[in-house]
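Visitor: After the structure tokens below, expect a handful of questions from me.
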Ligand code: MG
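In this note's numbering, the protein residues as written are 25 to 389.
Dropping the structure here:
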């Protein structure tokens with residue numbers, strides 16, 4: 025069978041001629057031959073399989089640049105790429121599902137976020153930070169109050185001031201009266217204030233795009249307690265965990281170079297843990313023009329325990345050990361002390377900080 029005109033190939037592949045021209049320009053599906061005289065494109069029937077794969081991947085919603093990568097892989101690797109892509113879509117959908125549920129409640133006037141069975145719940149909390157055994161100064165900052173928990177891990181020459189300033193900028197949230205409907209906006213504004221505070225400290229030559237500058241910045245992981253939910257903002261590689269029914273769930277994603285490689289299936293979680301570049305951040309508060317935190321809402325249950333920590337804890341203490349201590353140490357004060365002692369006993373290579381909040385079990389009347 026000879027070469028097909030773009031019209032015939034479009035029909036056979038169920039892609040439009042317009043799409044075929046675009047995919048040619050992007051190097052995704054170049055025609056077998058282009059007539060040098062009139063520029064007409066001709067396709068080999070053997071290209072149909074690739075064309076159909078492109079069409080299916082488009083239906084999945086995969087971006088064109090990623091489709092090109094998938095098409096260049098062998099079938100087993102391409103299969104893995106599609107699996108990784110879809111896992112990301114589902115994770116993103118889960119975050120948006122929480123947000124949608126929240127908006128539905130808010131718009132239907134239930135405002136169920138603020139109370140549990142009509143009564144606001146209280147939290148018990150504690151926070152502690154330690155310089156560790158290796159670093160000369162402590163660039164972490166940590167805070168716990170009746171509504172706000174926050175951990176910041178500063179880096180660079182002005183890291184300590186950047187982290188402290190970021191948390192200070194959030195403390196106003198302890199006082200503000202916040203309706204459920206305004207919660208996400210309020211948090212977004214608070215992070216913007218924190219970023220501006222960091223900008224005031226690190227030098228003004230931070231590049232646009234918010235990538236970490238050499239002279240400093242900070243991670244920021246913070247939770248605002250509403251009475252029945254934790255609203256979370258997170259940027260960097262500090263972490264938040266939830267201990268529920270004896271299980272420890274990590275509820276943040278590290279904004280690190282190695283996590284991105286794990287998400288893309290290029291390295292395993294085990295390889296990431298010992299990777300030489302594991303501390304390299306792809307997102308942080310640096311005072312740059314853009315700050316792009318993850319934000320989500322977590323419906324709390326009485327008895328839940330939330331744990332925030334810097335990588336001086338999570339990078340040193342194994343998850344299973346974290347779970348064991350977090351579930352057996354007792355009240356928040358004892359728990360933060362024990363967790364920090366654990367990291368220090370393991371060599372304390374970094375500053376180590378954590379904050380713990382327990383959602384109280386309401387008394388029966
Ligand atoms: Mg650290």
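In this text, a Cβ means the ideal position worked out from N, Cα and C, and glycines have one as well.
Return the Cβ separation of residue 173 and residue 332 in integer angstroms, given the expectation that the two are a contact with Cβ distance under 8 Å.
Guide: 5 Å
Visitor: With DSSP as the reference, label residue 64 as helix, strand or coil.
Guide: In this structure, residue 64 counts as coil in the three-state DSSP scheme.
Visitor: Let me know the secondary structure DSSP gives residue 271 once reduced to three states.
Guide: Note: residue 271 maps to strand in three-state DSSP.
Visitor: What three-state label does DSSP hand residue 469 in the structure shown?
Guide: Any question about residue 469 goes unanswered here, given that the chain covers just 25 to 389.
Visitor: Measure the C-alpha to C-alpha separation of residue 49 and residue 77 and round it to an integer number of angstroms.
Guide: 18 Å
Visitor: Using C-beta distances below 7 Å, list every residue in its chain close to residue 287, excluding the 5 sequence neighbours before and after it, in chain order.
Guide: 108 and 112
Visitor: Alpha carbons only, please: which of 290, 342 and 175 is nearest the one belonging to residue 381?
Guide: 175
Visitor: Taking the beta strand (DSSP E) that residue 177 belongs to, which residues open and close that run?
Guide: 172-179
Visitor: Once you ignore the five residues that flank residue 306 on each side, which residues in its own chain have a CB closer than 7 Å to its CB?
Guide: Taken in chain order, the residues that qualify are 279, 280, 281 and 284.
Visitor: When the Cα atoms are used, what is the spatial distance from residue 257 to residue 320?
Guide: Computed Cα separation, rounded: 7 Å.
Visitor: Closer than 6 Å is what we want: which residues have a beta carbon that near any heavy atom of the ligand MG? List them in chain order.
Guide: 177, 334, 335, 336, 374 and 375
Visitor: Give the single residue among 66, 146 and 191 whose Cα lies nearest to the Cα of residue 325.
Guide: 146
Visitor: Please tell me whether residue 75 and residue 37 are closer than 8 Å, where the distance is taken between their beta carbons.
Guide: Contact: yes.
Visitor: Quick check on the DSSP output: the beta strand (DSSP E) that includes residue 192 runs from which residue to which?
Guide: Premise fails: residue 192 lies in the alpha helix (DSSP H), 183-194, not in any beta strand (DSSP E).
Visitor: Starting from the N-terminal side, write out each stretch of the beta strand (DSSP E) that is 3 residues or longer and does not extend beyond the segment 50-122.
Guide: 65-67
Visitor: Under DSSP, the beta strand (DSSP E) around residue 253 begins and ends at which residues?
Guide: 253-259 is the extent of the beta strand (DSSP E) around residue 253.
Visitor: Measure how close the beta-carbons of residue 223 and residue 311 come, nearest whole angstrom, since I'm counting them as under 8 Å.
Guide: 3 Å
Visitor: Using DSSP bridges, identify the partner residues of residue 280.
Guide: 305
Visitor: Which whole-angstrom value describes the C-beta separation of residue 315 and residue 259, a residue pair presumed to lie in contact below a C-beta threshold of 8 Å?
Guide: 7 Å
Visitor: Do residue 361 and residue 157 have their beta-carbon atoms positioned less than 8 Å apart in this structure?
Guide: Not a contact, by the Cβ cut-off of 8 Å.
Visitor: According to DSSP, is residue 318 part of a helix, a strand, or is it coil?
Guide: strand
Visitor: Checking 8 Å against the spacing of the C-beta atoms, do residue 182 and residue 251 come in under that value?
Guide: no
Visitor: Residue 154: buried (16+ other C-beta within 10 angstroms of its C-beta) or exposed?
Guide: buried
Visitor: Which two residues bound the contiguous alpha helix (DSSP H) that contains residue 364?
Guide: 356-369
Visitor: To the nearest angstrom, report how far apart residue 292 and residue 354 are at their CA atoms.
Guide: 34 Å
Visitor: Could you give the C-beta distance for residue 226 and residue 186, rounded to a whole number, given that I count them as a contact under 8 Å?
Guide: 6 Å
Visitor: Which whole-angstrom value describes the C-beta separation of residue 335 and residue 177, a residue pair presumed to lie in contact below a C-beta threshold of 8 Å?
Guide: 6 Å
Visitor: Around the C-beta of residue 352, are 16 or more other C-beta atoms found within 10 angstroms, so that it is buried, or is it exposed?
Guide: exposed
Visitor: Short of 8 Å in beta carbon distance, which residues of its chain neighbour residue 350, apart from the five on each side in sequence? Order them along the chain.
Guide: 265, 267, 272, 329, 331, 359, 363 and 380
Visitor: According to the neighbour-count rule (16 or more other Cβ atoms, all chains shown, within 10 Å of its Cβ), is residue 64 buried or exposed?
Guide: exposed
Visitor: What's the gap between the Cα of residue 372 and the Cα of residue 162?
Guide: Cα to Cα, the separation comes out at about 12 Å.
Visitor: Which word fits residue 110, buried or exposed, when buried means at least 16 other C-beta atoms lie within 10 angstroms of its C-beta?
Guide: The residue in question, residue 110, is exposed, as its Cβ has fewer than 16 Cβ neighbours within 10 Å.
Visitor: Figure out for me which residue from 88, 220, 261 and 95 has the closest Cα to the Cα of residue 73.
Guide: 95
Visitor: Counting only the same chain and skipping the five closest in sequence on each side, list residues whose C-beta sits under 6 Å from that of residue 67.
Guide: 28, 33, 55 and 56
Visitor: Where does residue 240 sit, in a helix, a strand or coil, going by DSSP?
Guide: strand
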